[in-house]
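Peer 1: Structure in structure tokens, see below.
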Amino acid sequence: MRGIKYLLIISALLLALAFVLTTFVFKGDNKEEAVTENTTEIIVLDESEEEKEDENIDNKWAMFLVNKSNPLPMDYDSRIETKMVFESWREYFIDSRAAPYFEDMLNAAKKDGIDLLVVSAYRTIEYQQQNFDNSVQDRIDNRGMTYDEAYADTLAEVALPGESEHNAGLALDIMSEEYTSMDDDGFENTEAFKWLDAHAHEYGFILRYPKGKQEITGIIYEPWHYRFVGLYYANEIKQSGLCLEEYYEEQGWLDANGKATEMLGPWEEPEEKEEPEVTTVPENTEPKETMPTQPEQKVSIIV
Ligand SMILES: [Zn+2]
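Here the sequence shown is numbered in this note's numbering, starting from 720 and rising by one per residue.
As structure tokens, then:
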């Protein structure tokens, strides 16, 4: 009898233990599931936030760097469609996607009594090449320079084909009848400049080579040179007081050599995958490496 009683007690204890264990493990499982669900929810929230921010960014295609470290591909002319946006003694074109924004700006300025005057807009890479080559040749023929000297001297004044924003169809040199000299920065004292400085960002344009930033941009202060980057980024950059290179750096989009790693030009990705060794050195010019070392610090005058 005693033996049976003990057996019953032990059985009861075992059952109780089994119950406690099952409950504990079950609860544990539930807890884990709950945690997983929460994590998933948080990730989903993050993604939708990002999407929302993305929706606020207009004309993302227009946000890319064009400078000595980030040249356009030599076939860029064939990649864009341009539209005539201004006519004076000649016609001026820009990328057709940016054209409506410029036209709105032109009309808004006119309403405020400001007659803007375009003095340069889209320049083909072919034209830039001819311009560059002529400039080199002129120095050889008329100033007694060697090819290397003439090349280096030209490089300090004329942007290489593909290194000018004008080649991208996104830049305009805008002045007014009041003042059309590019020999100095006197344009900044005009009513037209004051209007542009206050309103250009409202139409997606930024002052690309601001005062005091020539060490960073490599280009002298140009109160007339405006670049389309879309409404969102134009506003961001205007508020930040940074030039485009600084803005890229602040966002973490630049490597140590000043080459963009994010927000690249629309040509970058497919070309890199298919052919990593795409050369942007134009014909009839020697590779940059063999050139004298001065142009990096020098600022360009005609861009
Ligand atoms: Zn310009």
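C-beta: ideal position from N, C-alpha, C; glycine also.
None of these values were measured; they are calculated from a predicted model.
What separation, rounded to the nearest whole angstrom, lies between the Cα atoms of residue 891 and residue 914?
Peer 2: About 16 Å.
Peer 1: Have a look at residue 838 and residue 894 and give me their C-alpha separation to the nearest angstrom.
Peer 2: Residue 838 and residue 894: Cα-Cα distance of roughly 7 Å.
Peer 1: Give every residue whose Cβ lies closer than 5 Å to any heavy atom of ligand 1, listed in chain order.
Peer 2: Listed by chain position, these are 892 and 944.
Peer 1: Can you tell me whether residue 943 is buried or exposed, with buried defined as 16 or more other CB within 10 angstroms of its CB?
Peer 2: By the 10 Å Cβ count, residue 943 comes out buried.
Peer 1: Helix, strand or coil for residue 751, going by three-state DSSP, please let me know.
Peer 2: Reliability of the predicted coordinates at residue 751 is poor, the pLDDT of 40 falling under 50, and no value is obtained from them.
Peer 1: Where DSSP assigns a beta bridge to residue 801, which residues make up the other side?
Peer 2: Residue 801 is bridged to 814.
Peer 1: Give me the DSSP bridge partner(s) of residue 796.
Peer 2: Partner(s): none; residue 796 has no beta bridge.
Peer 1: Within the stretch 828 to 860, note down every full beta strand (DSSP E) run reaching 3 residues or more, in order along the chain.
Peer 2: Fully enclosed beta strand (DSSP E) runs of 3 or longer: 835 to 839.
Peer 1: Using DSSP bridges, identify the partner residues of residue 925.
Peer 2: DSSP output for residue 925 lists 946 as bridge partner(s).
Peer 1: Would you decide whether residue 959 is buried or exposed? Buried here means 16 or more other CB atoms lie within 10 Å of its CB.
Peer 2: Exposed: under 16 other Cβ atoms inside 10 Å.
Peer 1: In whole angstroms, give me the CA-to-CA distance for residue 778 and residue 927.
Peer 2: Straight-line Cα distance between these residues: approximately 17 Å.
Peer 1: When burial is assigned at 16 or more other CB atoms within 10 Å of the CB, is residue 938 buried or exposed?
Peer 2: Residue 938 should be labelled buried.
Peer 1: Residue 1010 to residue 875, Cα distance in whole Å?
Peer 2: With a pLDDT of only 39 at residue 1010, under 50, the local geometry of the prediction cannot be trusted, and no value is derived from it.
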